[in-house]
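Novice: Here you go, one structure.
Structure below.
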């Protein structure tokens, strides 16, 4: 039986542990806990070292891989060996005790008693070995929890807790078994007790370590509470009222996102307010939506035809889908439009069938769609930051074509610039697309906000930043 113990299925092993026999016993159970913990820790290291995420852990991947080799090539095989040997050895100890108890000859009985105690010493050494290996595992698990794949910290924590639990079990086994010795073995028992006391100190420290890791996860969630509460308050406020100020809603959302940027972008958080204008990230990391981007999407119309749309949102199922057949600025505006639906509107399923990145004014617009477009405009081109970026390029005053401004456009004359622009929209397009003014070179406003020249031009006019 002992030879093929490791070949048993989990159900067969559980049956053996619960069958009321002495083998496999508590020592084997402690070793088994260590084996499970070892594999959990190895799994987390393997996930960390996966090609798609290895670069995120470049600071620790070498150490983690060294730990992996230690576990797979030394610690786990030794625990597996001890799992079997404890069962074999404790079986010998029990048989020695049975033979001792059944022997009537006092001289032979004494010999068997001495033999049983010698067998018990070996049985004591095995949990010591198991405990020391599990101590190593616990220390590795702690490092893996702190540095390995963050989403697998449940496995790391169970690996840590299982290892420490195995140590606790080994301590109990050793303290129980040492009770069988009398004063004639005092020096031996004194040595064992000293060793187990040291092991007990290690166990207590590791047990405290377990609590600190659980506390880390608790604190991480607590840090998210203001974000979760904030976004839910915004949604409840603006979905429950009519005649609301859409720009106020957008501003509240952007302030909340900025204040919690380190939670949303755990790696390389935004350094400027413009970098948070990512509707796809907000869908995924804040609202909990599945964000899908594919070639095209169609919805059924009343006359049983299919209408291709730029984007669609399914609020009950938390799915948003954006067609990727359009330019980046159109995709971004569409995503921001759908974000507007998620925040402002109660309808279950809504779609945007206009592939543009500005508010379409031709024809009669549905009120809900118009509001979502306004939300996207305010989200992608916030009043404050458009004003700041405009001022940094063209000055504080309302821009007009005069001798000074014309000259700053490369020494142009007023008549030349007026002829080029023709009207207000022409001038706003000029300002939206220009990459130099008054001897300074910069990214154009349309590129800075990642919108089309037309969308940027319309926004400049809305904010009364120029006259013609």
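Residue numbers (UniProt numbering): 1 to 468. Yeah, the Cβ is synthetic: ideal placement off N, Cα and C, and Gly gets one too.
(1) Flag this pair as yes or no: are the beta carbons of residue 149 and residue 47 separated by less than 8 angstroms?
(2) Does the beta-carbon of residue 3 have 16 or more other beta-carbons within 10 angstroms, so that it is buried, or is it exposed?
(3) Between which two residues does the beta strand (DSSP E) holding residue 320 run?
(4) How about residue 26 and residue 169: do their beta carbons lie closer than 8 angstroms?
(5) If you follow the beta strand (DSSP E) that residue 290 is part of, which residue opens it and which one closes it?
(6) For residue 231, collect the residues of the same chain with a Cβ closer than 8 angstroms to its Cβ; drop the 5 residues on either side in sequence, then sort them by chain order.
(7) Among the residues of its own chain, which have a CB less than 6 angstroms from the CB of residue 335, if the five just before and after it don't count?
(8) Within the same chain, show all residues whose beta-carbon is closer than 6 angstroms to that of residue 302, passing over the 5 residues directly before and after it, in chain order.
(9) Kindly give me the distance between the Cβ atoms of residue 44 and residue 155, rounded to whole angstroms, as I take these residues to be in contact under 8 angstroms.
(10) How many Å lie between residue 124 and residue 110 at the Cα?
(11) Assuming residue 313 is part of the beta strand (DSSP E), what are its boundary residues?
(12) Within 8 angstroms, do at least three Cβ pairs link the segment 29-40 to the segment 77-96?
(13) Using the rule of at least 16 other Cβ atoms within 10 Å of the residue's Cβ for burial, across every protein chain shown, is residue 190 buried or exposed?
(14) Within 10 Å of its beta-carbon, does residue 157 have 16 or more other beta-carbons around it, so buried, or fewer, so exposed?
(15) In chain order, what residues of the same chain lie with their CB nearer than 7 angstroms to the CB of residue 428, ignoring the 5 residues before and after it?
(16) Tell me whether residue 179 is buried or exposed, calling it buried when 16 or more other Cβ atoms sit within 10 Å of its Cβ.
(17) For residue 449 versus residue 380, is the C-beta spacing smaller than 8 angstroms?
(18) For residue 495, count neighbouring Cβ atoms within 10 angstroms of its own Cβ and tell me buried if that reaches 16, exposed if not.
(19) Per the DSSP calculation, residue 441 is bridged to which residue(s)?
(20) Output the distance between the C-alpha atoms of residue 151 and residue 221, rounded to the nearest integer angstrom.
(21) Residue range of the alpha helix (DSSP H) that residue 326 falls in?
(22) What three-state label does DSSP hand residue 466 in the structure shown?
(23) If you count every other CB in all the chains shown that lies within 10 Å of the CB of residue 176, and 16 or more means buried, which is it?
(24) Is it buried or exposed for residue 330, if we count other Cβ within 10 angstroms and need 16 for buried?
(25) Just to confirm my understanding: we take residue 292, look at its own chain, exclude 5 residues before and 5 after, and list those with CB closer than 6 angstroms. What are they?
(26) Please list the terminal residues of the continuous alpha helix (DSSP H) segment that includes residue 226.
(27) Comparing alpha-carbon positions, which option in 226, 147, 289 and 199 lies nearest residue 213?
(28) Spell out the partners DSSP gives residue 399 in its beta bridges.
(29) Whose C-alpha, out of 272, 342 and 375, is nearest the C-alpha of residue 389?
(30) Rounded to whole angstroms, how far is the Cβ of residue 258 from the Cβ of residue 276, which I believe are closer than 8 angstroms?
(31) Closer than 7 angstroms to a non-hydrogen atom of the ligand ATP - does that hold for the CB of residue 220?
(32) Could you work out which residue in 433, 421 and 434 is closest to residue 468 when comparing CA atoms only?
(33) Leaving out five residues on either side along the sequence, give the residues of the same chain with a beta carbon under 8 angstroms from the beta carbon of residue 250.
(34) Could you please give me the residues that DSSP links to residue 264 through a beta bridge?
Specialist: Looking at the coordinates:
(1) As a working note, residue 149 is residue 149 in the chain shown. As a working note, residue 47 is residue 47 in the chain shown. Yes; because the gap between Cβ atoms is below 8 angstroms, this pair is in contact.
(2) Translated into the one-based positions of the chain shown, residue 3 becomes position 3. Caution is warranted here: a pLDDT of 46 is assigned to residue 3, below 50, making its placement in the model unreliable, and no coordinate value can be reported.
(3) As a first step, residue 320 is located in the chain shown; it is residue number 320 there, counting from the start. Residues 319-323.
(4) Along the chain shown, one-based indexing puts residue 26 at 26. Along the chain shown, one-based indexing puts residue 169 at 169. Closer than 8 angstroms, so yes.
(5) Position 290 of the chain shown, counted from the first residue, corresponds to residue 290. It spans 290-294 - the beta strand (DSSP E) in which residue 290 sits, taken as one unbroken run.
(6) For this step, residue 231 is matched to residue 231 along the chain shown. Only 253, 256, 286 and 287 meet the Cβ criterion.
(7) In the chain shown, residue 335 corresponds to position 335, counting from 1. Correct list, in chain order: 279, 280 and 322.
(8) Translated into the one-based positions of the chain shown, residue 302 becomes position 302. Any answer about residue 302 is weak, because its pLDDT of 49 lies below 50 and its placement is not dependable; what the coordinates show is given next. Nothing meets the Cβ criterion.
(9) Here the question's residue 44 lines up with position 44 in the chain shown. Here the question's residue 155 lines up with position 155 in the chain shown. Indeed they touch by this definition, with Cβ atoms about 5 angstroms apart.
(10) If you number the chain shown from 1, residue 124 lands on position 124. If you number the chain shown from 1, residue 110 lands on position 110. Between residue 124 and residue 110, the C-alpha separation is close to 21 angstroms.
(11) Start at 1 with the first residue of the chain shown, and residue 313 comes out as number 313. Element bounds for residue 313: 311-314.
(12) yes
(13) As a first step, residue 190 is located in the chain shown; it is residue number 190 there, counting from the start. With fewer than 16 other Cβ atoms within 10 Å, it is exposed.
(14) Taking the first residue of the chain shown as position 1, residue 157 is located at position 157. Buried, since its Cβ has 16 or more Cβ neighbours within 10 Å.
(15) By one-based count along the chain shown, residue 428 stands at place 428. Counting only Cβ-Cβ distances below 7 angstroms, and skipping sequence neighbours, we find 457, 460, 461 and 466.
(16) Along the chain shown, one-based indexing puts residue 179 at 179. That one is exposed.
(17) Translated into positions along the chain shown, residue 449 becomes position 449. Translated into positions along the chain shown, residue 380 becomes position 380. Yes, Cβ-Cβ distance for residue 449 and residue 380 is below 8 angstroms.
(18) Missing from the structure shown is residue 495; the chain here goes from 1 to 468 and no further.
(19) Along the chain shown, one-based indexing puts residue 441 at 441. According to DSSP, residue 441 bridges with 436.
(20) Against the chain shown, residue 151 aligns to sequence position 151. Against the chain shown, residue 221 aligns to sequence position 221. The alpha-carbon atoms of residue 151 and residue 221 are separated by roughly 13 angstroms.
(21) For the purposes of this step, residue 326 is taken as the residue at position 326 of the chain shown. Run containing residue 326: none; DSSP gives neither H nor E here.
(22) In the chain shown, counting from the first residue as 1, residue 466 sits at position 466. Three-state result, residue 466: strand.
(23) Numbered from its first residue, the chain shown carries residue 176 at position 176. Under this definition residue 176 is an exposed residue.
(24) Position 330 of the chain shown holds residue 330. Flag for residue 330 reads buried.
(25) Here the question's residue 292 lines up with position 292 in the chain shown. Within the same chain, residue 292 has close Cβ partners 321.
(26) As a first step, residue 226 must be located in the chain shown, where it is residue number 226. First-last of the alpha helix (DSSP H) with residue 226: 186-239.
(27) Residue numbering aside, residue 213 sits at position 213 when the chain shown is read from its first letter. Nearest of 226, 147, 289 and 199 to residue 213, Cα basis: 147.
(28) For the purposes of this step, residue 399 is identified with residue 399 of the chain shown, where counting begins at 1. 466, per the DSSP bridge assignment.
(29) Reading the chain shown from its first residue, position 389 is the one you call residue 389. For the residues 272, 342 and 375, the minimum Cα distance to residue 389 belongs to 272.
(30) Sequence index remark: in the chain shown, residue 258 carries index 258 (1-based). Sequence index remark: in the chain shown, residue 276 carries index 276 (1-based). Indeed they touch by this definition, with Cβ atoms about 6 angstroms apart.
(31) Looking for the ligand ATP in the displayed structure turns up nothing, as the structure carries no ligands at all.
(32) Reading the chain shown from its first residue, position 468 is the one you call residue 468. Ranking 433, 421 and 434 by Cα distance to residue 468 puts 421 first.
(33) Residue numbering aside, residue 250 sits at position 250 when the chain shown is read from its first letter. The residues are 375, 378, 379 and 382.
(34) On the chain shown, residue 264 is found 264 positions in, with the first residue counted as 1. Its beta-bridge partners do not exist; DSSP assigns none.
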